[in-house]
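In terms of full-length UniProt numbering, the sequence shown opens at residue 1 and continues consecutively.
Glycine included, each C-beta is placed from N, C-alpha and C at the ideal position.
For reference, the structure discussed in these notes is given below.
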Amino acid sequence: MTDAVEQARAAAAAAQAAAEEARRLADEAARRAEELAAALGRAAEATSAPDQGEATTSPGVSRAGEATAVPDATESTGGPTSGTGTAPPDRAAPDATTDPSSNPDAMSTAAPTSTAAPTSAAAPTSTAAPMSTAAPAPGTATAAGPLGADAVEAIRAGYAVEGTALELGALVNGDPLPDVQVRIPLGMLNRHGLVAGATGTGKTRTLQLLAEQIAANGVPVFAADVKGDLSGIAEAGAPNAKLLARTEAIGQRWQGTASQTEFYSLGGQGTGVPIRATVSGFGPLLLAKVLGLNATQESSLGLVFHHAERAGLPLVDLSDLRAVLTYLVSDQGKAELAELGGLSKQTAGVILRELVTFADKGADWFFGEPEIDTREFLRTAPDGRGIVSLLEVPGVQDQPEVFSTFLMWLLADLFNELPEVGDTDKPELVFFFDEAHLLFSGSSKDFREQIVRTVRLIRSKGVGIVFVTQTPRDLPDDVLAQLGSRVQHQLRAHTPDDAKALRATVSTYPTSDYDLGEVLTSLATGEAIVTVMNEDGAPTPVAWTRLRAPQGSMDALPSDVLEARVASSPLLARYGTPVDPESAREVLAARMESAAAEAAAAQAQAEAEQEAARAAAAAAKEAAAQAARDERERKAAQAEYERTQREFERAERAAAGPRSRSSSTRASRTGGRAGDDPLGGLLGNGLGQAIAKEVVRGIFSTLRRRR
Numbered sequence: 001m002t003d004a005v006e007q008a009r010a011a012a013a014a015a016q017a018a019a020e021e022a023r024r025l026a027d028e029a030a031r032r033a034e035e036l037a038a039a040l041g042r043a044a045e046a047t048s049a050p051d052q053g054e055a056t057t058s059p060g061v062s063r064a065g066e067a068t069a070v071p072d073a074t075e076s077t078g079g080p081t082s083g084t085g086t087a088p089p090d091r092a093a094p095d096a097t098t099d100p101s102s103n104p105d106a107m108s109t110a111a112p113t114s115t116a117a118p119t120s121a122a123a124p125t126s127t128a129a130p131m132s133t134a135a136p137a138p139g140t141a142t143a144a145g146p147l148g149a150d151a152v153e154a155i156r157a158g159y160a161v162e163g164t165a166l167e168l169g170a171l172v173n174g175d176p177l178p179d180v181q182v183r184i185p186l187g188m189l190n191r192h193g194l195v196a197g198a199t200g201t202g203k204t205r206t207l208q209l210l211a212e213q214i215a216a217n218g219v220p221v222f223a224a225d226v227k228g229d230l231s232g233i234a235e236a237g238a239p240n241a242k243l244l245a246r247t248e249a250i251g252q253r254w255q256g257t258a259s260q261t262e263f264y265s266l267g268g269q270g271t272g273v274p275i276r277a278t279v280s281g282f283g284p285l286l287l288a289k290v291l292g293l294n295a296t297q298e299s300s301l302g303l304v305f306h307h308a309e310r311a312g313l314p315l316v317d318l319s320d321l322r323a324v325l326t327y328l329v330s331d332q333g334k335a336e337l338a339e340l341g342g343l344s345k346q347t348a349g350v351i352l353r354e355l356v357t358f359a360d361k362g363a364d365w366f367f368g369e370p371e372i373d374t375r376e377f378l379r380t381a382p383d384g385r386g387i388v389s390l391l392e393v394p395g396v397q398d399q400p401e402v403f404s405t406f407l408m409w410l411l412a413d414l415f416n417e418l419p420e421v422g423d424t425d426k427p428e429l430v431f432f433f434d435e436a437h438l439l440f441s442g443s444s445k446d447f448r449e450q451i452v453r454t455v456r457l458i459r460s461k462g463v464g465i466v467f468v469t470q471t472p473r474d475l476p477d478d479v480l481a482q483l484g485s486r487v488q489h490q491l492r493a494h495t496p497d498d499a500k501a502l503r504a505t506v507s508t509y510p511t512s513d514y515d516l517g518e519v520l521t522s523l524a525t526g527e528a529i530v531t532v533m534n535e536d537g538a539p540t541p542v543a544w545t546r547l548r549a550p551q552g553s554m555d556a557l558p559s560d561v562l563e564a565r566v567a568s569s570p571l572l573a574r575y576g577t578p579v580d581p582e583s584a585r586e587v588l589a590a591r592m593e594s595a596a597a598e599a600a601a602a603q604a605q606a607e608a609e610q611e612a613a614r615a616a617a618a619a620a621k622e623a624a625a626q627a628a629r630d631e632r633e634r635k636a637a638q639a640e641y642e643r644t645q646r647e648f649e650r651a652e653r654a655a656a657g658p659r660s661r662s663s664s665t666r667a668s669r670t671g672g673r674a675g676d677d678p679l680g681g682l683l684g685n686g687l688g689q690a691i692a693k694e695v696v697r698g699i700f701s702t703l704r705r706r707r
């Protein structure tokens, strides 16, 4: 049910749009009918005048310049939008009273009736052709096309420029009108522009045409040579018959001219002065876009950059960033981000893996030092001409992220370096974004916002940006809204999506007398629909333009010539040789080595202290054991002393009582011969006892002293 309602709404909207278009076409048909009636009235009055003379047939002019008679006042003098100049035989010119909405070819095949045919000075004014009485400016009626004289004059006036301007080409109205030139005021280039068109329609030659004239007016140019065929701008072009015939037809005085050109390459990959940038200068936002990180990972990468700057860790190349990431998730470094939320090992692992992939695409060559000074792109030649800086980008389709984000880095760096200048007579630099669709493909919301902000604000720094792409839908609406000049080459509508894009493109142009849906799909190579800002900042009329030919060579420079030009560049000595300064990787390596040495010293000291403690404990234990042994020996000696003392005392008591009886008994038994037992006699008398006591005291007093 919902789908049916939506389809009904869509059908109603389409019907309303068709009705509005029909009303517009009806109003246009009525206006043209009134103009035709007025012209017929004037012709009738001229015919009835008595002194007018014989009526003659007004000649028309075909593409080849041959006069063709206009047989009837109601016949169209216009040709189809394809630019043939005359109506094809199978397509009848519509009557002025015919409703254009009933004839799809009416808008493209009928010229407005106000277009006047030129008359000879001797011939009387034609009374048959529907023309105004005033003769038009030269060239406005030399070809029949979709525009009337008033529209042609409006375009002539709209592209008249008092100051310096870039010559784009001549208006096409069936045939090119060399006296109606289409221009872009030089001062309006910092309002940015767009060159769009399908492959093979001439976008690259338009880029070369603009770059040559911008540089000739003293404004430096930067452009990426994506396909390698812009290098010929450094040499003068060679004339040929086809080229001269084309330039003569549009009023271009062509002369081969070379532009002062400097050639660059990304990190030395290719032929040119190497352009390098440091990782810290590239920034986390652009790097996150290149790596394809999600919001959480992008935030973590920004935290890593913040810590590296705060900790004095220069991020020069990708190895520095890898070293910082590895350090911050190690045991030594994870505490440094604790107060900022920390960095998980899983997120760091994802970033590290993407960095490896990024490096494999050749990014390692781009990141490093010496970093290019973007002011090199603002130089002018000694003769006052601007220098064209061409960046060779081989294989850009294989690494579009590197290419697009590098160009954005250049713009961001210029924005940070250049002062505010406001509106000036000419830009400080014009920057061409070729293959601009690569810039926005798969980009994040934050990245697009940064681009829009840069495009919006860098105008005040005097930098103009020209996006070159296949279709305007390649650019976000916020970017398209900032563009002041548009050069739209042929668009193709072979698919429903292409047809939808064509309708969207047509709807963005100012109102004009063209059927833009038909014109945009029938433009020849080298032709474009143009609208720019005039010197007052207002949009100019939409003009079908045959563009001028570049004055430089449209062939790529031979490789040996290109290499010789690069070798002679004064910038090669400054930027040609890469350098490897002390950066985060070396700082962290030294820091970790120092930390390892300190840890080893601390461990050795701890081990020494532990060994000393063990030795002290062993000595204390031995001393305690020795003290215990000594205590045991003392106690044993004391016990032995006490035991001996008791035994001595018992012996002494035992000897004191029966001593006399024993002595007398022994004497009687032995017949009174006491001298037969000297020891007994000695111990038996008082002197002997005294001696024995002193001996015992001497022995045991020694034992007591050992205590």
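Nearest-angstrom Cα distance between residue i and residue j?
| i | j | result |
| --- | --- | --- |
| K345 | V329 | 6 Å |
| G368 | T278 | 5 Å |
| P138 | Q255 | Low confidence applies to P138: its pLDDT is 43, below 50, so where it sits in the model is not reliable, and the reading given next is rough at best. Their backbone Cα atoms lie some 25 Å apart in a straight line. |
| A216 | E535 | 20 Å |
| F431 | V468 | 11 Å |
| T495 | A501 | 10 Å |
| P104 | E28 | Low per-residue confidence applies at P104: pLDDT is 34, beneath 50, and the placement is therefore not dependable enough to give any value. |
| Q16 | A26 | 15 Å |
| K242 | A33 | 42 Å |
| E527 | L520 | 10 Å |
| I233 | G174 | 31 Å |
| G283 | P370 | 17 Å |
| S559 | R565 | 10 Å |
| T380 | A258 | 15 Å |
| D477 | M592 | 50 Å |
| D580 | A211 | 36 Å |
Measuring CB to CB, does residue i end up less than 9 Å from residue j?
| i | j | result |
| --- | --- | --- |
| G267 | R276 | yes |
| H489 | G202 | yes |
| G193 | L483 | yes |
| P550 | R246 | no |
| R385 | Q260 | yes |
| I529 | A538 | no |
| L291 | E354 | yes |
| R546 | G169 | yes |
| D364 | D320 | no |
| residue 713 | Y264 | Within the shown structure, residues of the chain are numbered from 1 to 707, placing residue 713 beyond reach of any answer. |
| V172 | G197 | no |
| L516 | A224 | no |
| F433 | V466 | yes |
| P382 | G576 | no |
| L410 | I458 | no |
| T508 | L475 | no |
| P427 | V219 | yes |
| P419 | V587 | no |
Can you tell which of the options has its C-alpha closest to the C-alpha of residue i?
| i | options | result |
| --- | --- | --- |
| residue 727 | P541, I214 and F406 | This structure gives no information on residue 727, because the portion of the chain shown stretches from 1 to 707. |
| E376 | V393, R353 and D413 | D413 |
| T199 | A308, S460, A154 and Q470 | Q470 |
| S553 | P239, L491 and I155 | P239 |
| L177 | L147, G302, S559 and F366 | L147 |
| V568 | G272, L285, L352 and P400 | Per the sequence shown, the amino acid found at residue 568 is Ser instead of Val. Measuring from the Cα of S568, the nearest candidate turns out to be G272. |
| K361 | D446, T525 and P400 | P400 |
| V402 | E649, V421, D425 and A359 | A359 |
Pull up the CB-CB distance for residue i and residue j, whole angstroms please, since I reckon it's below 8 Å.
| i | j | result |
| --- | --- | --- |
| V226 | E435 | 5 Å |
| A323 | A584 | 6 Å |
| T164 | L189 | Actually they are not in contact, since the Cβ atoms of T164 and L189 sit about 10 Å apart, beyond 8 Å. |
| L337 | L303 | 7 Å |
| R183 | E167 | 6 Å |
| R548 | I250 | 7 Å |
For the ligand NAP, is there any heavy atom lying closer than 8 Å to the beta carbon of residue i?
| i | result |
| --- | --- |
| A538 | This structure does not include the ligand NAP; it has no bound ligands of any sort. |
Could you name the residues that DSSP lists as bridge partners for residue i?
| i | result |
| --- | --- |
| D179 | Looking at the DSSP assignment, D179 forms no beta bridge with any residue, so it has no partner. |
| S485 | G193 |
| G552 | A236 |
| N173 | D175 |
| W544 | I529 |
| F358 | Paired residue(s): none; F358 is not in a bridge. |
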